[in-house]
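> Just add 1194 to the spot in the sequence shown (first one is 1) and you have the numbering used here. For glycine and all other residues, C-beta sits at the position ideal for the given N, C-alpha and C.
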Amino acid sequence: MDRVFLGVDIGGTKCAVTLGTPDGAILDRLAMPTQAETGPAAIMERLISLAHELTASSGHPIAGIGISCGGPLDTRTGMVYSPPNLPGWEGIPVRSMFEDAFAGLPVVIENDANATAVAEWKWGAGRGARNMVYLTQGTGIGGGLILDGRLYRGTNDLAGEVGHQTILPEGPLCGCGKRGCLEALASGPAIARLARESLHYRRGQRLVELAGGRPADITARHVVEAAREGDSFSRAILEEAGTYMGIGLANIIQILNPERIVLGTIAVHAGDLILNAIRRTVAERAWERAYSVCEIVPAALGDRAQDLAAIAIIESAANDRR
Ligand SMILES: [Zn+2]
């Protein structure tokens, strides 16, 4: 039987373990709610026993383990340092816990945005590119850089944190503590805030309806849904967020000269309703010679992205070793 990899995805609301092949097929999978309030020791114990359960029943020899987890984390020591979605995980040796539980197997850990970048590059919308930038535009804006055919991590694993470039010097406060970051202007929560703050008499009524009549409950999903129905107020909100994204992408294009930028989450759901504003702004702000060689496309892996992210990083590491 061919070798398979064990992928481990650690998220704030759910965790999953996956068996995948070197060409990105998922053979089997088990998931569990994270229950973040139970703390790292209890979560890791449940996760490792879930991984044992999956591998025991598989019948395939396991060639290695890839762990995808929210950062900040240190890929050399395998330590995780308080990801925003996992309170209390301050200095947890996640990699060595898996090394101890699966003695003899190689284990690698990567932050989830980097890991998803590798998965999209291997098996999704980044296939075939030598220089590719991946951005998630969801709860936050994260990213991963594939440069010259490799994941680029920077000096201490912080390369690709594209969501925290300054777009508006006096802009809204970001979750990171700075002002006017791209994430504070174009993430899911930022789009919802933009919509809530722009509501006024007879505008945005459809959006309020979708939120059950409660403006405070408006989410980015409602904005995309109303925009899809043709609601002009919601379309204008996506245009504004798309303009900020476009400024951010123009900066990236000027610095890295990529051939492809892959956008996850909102761009996948909203399509041209946000991509048109992004592409138009990039064309206004980046050099023509740079943006004319750069495709801006939605991500392709959909629901499988998280599982494949963990498989992709151990598959890459195994290839590097050979
Ligand atoms: Zn920030």
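For residue 1329 and residue 1491, what's the separation of their Cα atoms in angstroms?
In a straight line, the C-alpha of residue 1329 is about 11 Å away from that of residue 1491.
> Determine contact between the stretch 1264 to 1275 and the stretch 1302 to 1313, defined as no fewer than three beta-carbon pairs at a distance below 8 Å.
Yes, since at least three Cβ pairs between the stretch 1264 to 1275 and the stretch 1302 to 1313 fall closer than 8 Å, the two stretches touch.
> Can you tell me which residues form a DSSP beta bridge with residue 1263?
In DSSP, residue 1263 forms a bridge with 1204, 1305.
> Taking 8 Å as the threshold (C-beta atoms), are residue 1281 and residue 1230 in contact?
Going by C-beta atoms, residue 1230 is nearer than 8 Å to residue 1281.
> Output yes or no for whether 8 Å exceeds the beta carbon distance between residue 1464 and residue 1421.
Their beta carbons are under 8 Å apart, which means residue 1464 touches residue 1421 by this criterion.
> When the Cα of residue 1503 is compared with those of 1450, 1212, 1296, which residue comes out closest?
Closest by alpha carbon: 1212.
> Roughly how many angstroms separate the alpha carbons of residue 1458 and residue 1362, rounded to a whole number?
Spanning the two alpha carbons is a distance of roughly 23 Å.
> If we count Cβ pairs, one from each stretch, closer than 8 Å, do we get three or more for the stretch 1474 to 1487 versus the stretch 1274 to 1291?
Contact between the stretch 1474 to 1487 and the stretch 1274 to 1291 is absent, because fewer than three Cβ pairs lie under 8 Å.
> For residue 1320, which residues in the same chain have their Cβ closer than 8 Å to its Cβ, ignoring the five residues on either side in sequence?
Same-chain partners within the cutoff: 1311, 1314, 1326, 1328, 1340, 1454, 1456.
> So residue 1359 and residue 1451 are supposed to be a Cβ contact under 8 Å. How far apart are they, rounded?
Rounded, the Cβ-Cβ distance is 17 Å, inconsistent with contact.
> May I have the straight-line CA-CA distance separating residue 1580 from residue 1403, to the nearest angstrom?
The chain is shown from 1195 up to 1516; residue 1580 falls before or after that span and cannot be answered.
> Could you name the residues that DSSP lists as bridge partners for residue 1394?
Paired residues: 1397.
> Any heavy atom of ligand 3 within a distance shorter than 7 Å of the CB on residue 1246?
Ligand 3 is not part of the structure shown, which contains ligand 1 as its ligands.
> Give me the Cα-Cα distance between residue 1384 and residue 1273, rounded to the nearest whole angstrom.
Taking the straight line joining both Cα atoms gives about 30 Å.
> Between residue 1388 and residue 1431, which are expected to be in contact by the criterion C-beta below 8 Å, what is the C-beta distance as a whole number of angstroms?
Correct: roughly 5 Å between the Cβ atoms.
> CB residue 1205 to CB residue 1228, shorter than 8 Å?
Yes, they are a contact pair.
> Mind checking which residues open and close the beta strand (DSSP E) that includes residue 1361?
Element bounds for residue 1361: n/a, residue is neither H nor E.
> Output the boundary residues of the alpha helix (DSSP H) element that contains residue 1234.
1234 to 1250 is the extent of the alpha helix (DSSP H) around residue 1234.
> Between residue 1378 and ligand 1, is the CB less than 7 Å from at least one heavy atom?
Result yes, Cβ under 7 Å from ligand 1.
> Return yes when the C-beta of residue 1369 is under 7 Å from any heavy atom of ligand 1, and no when it is not.
Yes; taking the cut-off as 7 Å, the Cβ of residue 1369 has a heavy atom of ligand 1 nearer than that.
> Please classify residue 1449: is it buried, with 16 or more other beta-carbons within 10 angstroms of its beta-carbon, or exposed?
Residue 1449 should be labelled exposed.
> Using 10 angstroms around the beta-carbon of residue 1334, count the other beta-carbons present and answer buried if the total reaches 16, otherwise exposed.
The residue in question, residue 1334, is buried, as its Cβ has 16 or more Cβ neighbours within 10 Å.
> What is the DSSP secondary structure of residue 1415, counted as helix, strand or coil?
Helix.
> Between which residues of its own chain and residue 1369 is the CB-CB distance below 8 Å, once the five residues before and five after are set aside?
So the qualifying residues of the chain are 1278, 1334, 1377, 1378.
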